[in-house]
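Below is one structure, written out as structure tokens; comments come after it.
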Amino acid sequence: MPALLTQMTALCGIIPVSPSATTKRRGRNLPGVTAATRTGVEGDSVTTATSEDPLLLRVARGEYGDRPPVWLMRQAGRYMAEFRKYSDKFDFRHRSETAEIAIELSLQPWRAFKPDGVIMFSDILTPLPAIGVEFDVVKGKGPVISNPVRNLDDIKALKSLDDPDTSLPFIREILTSLRSEVDGESTLLGFIGTPWTLAAYSVEGCSDRHLITTKQIMTQNPEILHRYLSHLTDALTVYVCHQIDCGAQVVQLFDSWAHHLSPQQFAEFSLPYSERIISTVKARYPQTPFIFHANGGVGKLETLKESSADVIGLDWSTSMSEARKIFGPERVLQGNMDPMYLFADEGRIRHEVSKVVSTAGQGKHIMNVGHGVVQGTPEQNVAIFCDAARNSFYDSL
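Residue numbers (numbering that gives the first Met the number 0): 0 to 396.
So this is what it looks like as structure tokens:
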């Protein structure tokens, strides 16, 4: 095993865990989550495949399902009136870092639409304060980072993510409670942003359409960017292990800003760091599937073939038929209906779902939109989307 991987595996395996936190569950205990489970030993009930596992988990592992499982990116959001009761009252970090609220917001779409995946309400930037990068989400403006990371001194001042139970104490309660609440009826998804996407946000200090500062560092002082990407990779590896330890059954990597990279830049500044995370976490949790979703992945499909993620997420601008030809019949693909179709009538929504499912091929597909659900989307149309996917049985196509 290479020295770097050995070091990262060790890093992933020394997460301190509060004994009391591991046994308390909302409503009931999560079966099998014991000290032995947390060390990733054989027989880990969190990660071992069984015939009773929920559909999305089984399909993400490459097993055959009689229909595609379905969930939606930005599943919990302002398109839901119930969600707006909280978003109109509390700021984003209060909602995402107050476990009781985050649990409620995560469960709202599951109660309403019964998707096959429940993803925790959080943000890709959530782990940044744990390493010393503070952020806020300003209504109408998006994420704002008060101390952007732009030089070696900034990187040297960063902290390591050693104890998520201390620095991110709400994550354990959110995930363990959600796992208990869905009780095997749905798959619990954790997620992170990729090192590249988090680096771009925290170098710019905000959402910037050109990434001028980041691209200047990339082209003039690439060693600084690589140094920061490596630090983020270490931290995110620990964070992913923590999410799985807390009950996440599948983990999605969001490369939200992959569209800012050429295929060559993607191959240098994004994919290798995501691969480090996947390979290190897989050494501890080999049965936990990873989904890699690159926004703007079109043009990068040949490079994405090199990803070791179990599932490749496709955005709506990608041809599903082209992707299937490139990835072959055995690779699990996720996506990729244009979320704007959720504003169409019922017949068009069902037609588009059917078109994606039939093009994706049988048994190796997770139905999703190709980008997050947009504010203003009619709730009843999300219900139609989920119903159409649930009724897309392969033997009837």
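By construction, the Cβ of each residue, glycine as well, lies at the ideal position given by its N, Cα and C atoms.
Glutamine 374: first and last residue of the uninterrupted beta strand (DSSP E) it sits in: Here residue 374 refers to the residue found at position 375 when the sequence shown is read from its first residue. Counted as a single uninterrupted DSSP element, the stretch harbouring glutamine 374 is not any beta strand (DSSP E), since DSSP gives it neither H nor E.
Through-space distance from leucine 341 to proline 377, alpha-carbon basis: Counted from its first residue, the sequence shown places residue 377 at position 378. Counted from its first residue, the sequence shown places residue 341 at position 342. For proline 377 and leucine 341, the distance between alpha carbons rounds to 7 Å.
Nearest residue (CA-CA) to leucine 174, options Gln242, Ile216 and Glu222: Here the question's residue 174 lines up with position 175 in the sequence shown. It is Gln242 whose Cα lies nearest to the Cα of leucine 174.
Straight-line Cα distance separating glycine 64 from threonine 302: Sequence index remark: in the sequence shown, residue 302 carries index 303 (1-based). Sequence index remark: in the sequence shown, residue 64 carries index 65 (1-based). So the alpha carbons of these two residues sit roughly 28 Å apart.
Sequence ranges, beta strand (DSSP E) only - wholly within the segment 285-344, length at least 3: With a minimum length of 3 residues, the continuous beta strand (DSSP E) runs that stay inside the segment 285-344 are 289-293, 310-312 and 331-333.
Limits of the unbroken alpha helix (DSSP H) element including leucine 187: Translated into the one-based positions of the sequence shown, residue 187 becomes position 188. Not the alpha helix (DSSP H): leucine 187 falls in the beta strand (DSSP E), residues 186-192.
6 Å CB neighbourhood of asparagine 86 in its chain, flanking five on each side removed: The residue labelled residue 86 in the question sits at position 87 within the sequence shown. At residue 86 the sequence reads serine, which differs from the asparagine that was named. Only Arg77 meet the Cβ criterion.
Spatial distance of lysine 299 from methionine 319 (CA atoms): The residue labelled residue 299 in the question sits at position 300 within the sequence shown. The residue labelled residue 319 in the question sits at position 320 within the sequence shown. Taking the straight line from one Cα to the other gives about 14 Å.
Buried/exposed call for arginine 363, threshold 16 Cβ in 10 Å: Sequence index remark: in the sequence shown, residue 363 carries index 364 (1-based). This sequence places lysine at residue 363; arginine is not what is there. By the 10 Å Cβ count, lysine 363 comes out buried.
Segment contact, 8 Å Cβ cut-off, at least three pairs: the segment 178-191 with the segment 200-212: no
Segments of 4+ residues assigned as alpha helix (DSSP H) that fall wholly inside the segment 83-143: If we require 4 residues or more, the alpha helix (DSSP H) runs fully inside the segment 83-143 come out as 91-96 and 98-112.
Beta-carbon proximity check, valine 136 vs arginine 92, cutoff 8 Å: Sequence index remark: in the sequence shown, residue 136 carries index 137 (1-based). Sequence index remark: in the sequence shown, residue 92 carries index 93 (1-based). In this structure, arginine 92 lies closer than 8 Å to valine 136 by Cβ.
Serine 176 to threonine 165 span [Cα, whole Å]: Stepping through the sequence shown from its first residue, residue 176 is reached at position 177. Stepping through the sequence shown from its first residue, residue 165 is reached at position 166. Approximately 18 Å between the Cα atoms of the pair.
DSSP state of valine 148 mapped onto helix, strand, coil: On the sequence shown, position 149 is the one that residue 148 refers to. Looking at valine 148 - three-state DSSP - the assignment turns out to be coil, as it is neither helix nor strand.
Cysteine 245 - partner residues in DSSP beta bridges: The residue given as residue 245 occupies position 246 in the sequence shown. For cysteine 245, which the question treats as bridged, DSSP gives no partner whatsoever.
Rounded Cβ spacing between alanine 322 and isoleucine 277 (contact assumed at less than 8 Å): One-based indexing of the sequence shown puts residue 322 at position 323. One-based indexing of the sequence shown puts residue 277 at position 278. No, alanine 322 and isoleucine 277 are not in contact; Cβ-Cβ is about 19 Å, not under 8 Å.
Cβ-Cβ separation, proline 114 to leucine 71 (assumed contact under 8 Å), whole Å: As a position in the sequence shown, residue 71 is number 72, starting the count at 1. As a position in the sequence shown, residue 114 is number 115, starting the count at 1. Right, the Cβ-Cβ distance comes to about 7 Å (below 8 Å), so this counts as a contact.
Any non-hydrogen atom of the ligand COA within 7 Å of isoleucine 191 CB: The ligand COA is absent from the structure shown, which contains no ligands of any kind.
Integer Cβ distance of serine 121 from alanine 98, believed to fall under 8 Å: Looking up residue 121 in the sequence shown gives position 122. Looking up residue 98 in the sequence shown gives position 99. Actually they do not touch by this definition, with Cβ atoms about 11 Å apart.
Residue range of the alpha helix (DSSP H) that includes glutamate 267: Working through the sequence shown from its first residue, we reach residue 267 at position 268. Where glutamate 267 is concerned, the enclosing alpha helix (DSSP H) stretches over 262-268.
Beta-carbon contacts of alanine 387 that lie in its chain and below 8 Å, excluding the five residues immediately before and after: Start at 1 with the first residue of the sequence shown, and residue 387 comes out as number 388. Ile348, Arg349, Val352 and Ser353.
Assigned exposure category for arginine 83 - 16 Cβ within 10 Å defines buried: For the purposes of this step, residue 83 is taken as the residue at position 84 of the sequence shown. Looking at its Cβ environment, which holds fewer than 16 other Cβ atoms inside 10 Å, arginine 83 is exposed.
Where histidine 366 falls: helix, strand or coil (DSSP): As a first step, residue 366 is located in the sequence shown; it is residue number 367 there, counting from the start. Checking the sequence, you will find methionine at residue 366 rather than histidine. Correct three-state label for methionine 366: strand.
Distance between phenylalanine 289 and alanine 282 (C-alpha atoms, nearest Å): Position 283 of the sequence shown, counted from the start, is the residue given in the question as residue 282. Position 290 of the sequence shown, counted from the start, is the residue given in the question as residue 289. Approximately 13 Å, taken between the alpha carbons.
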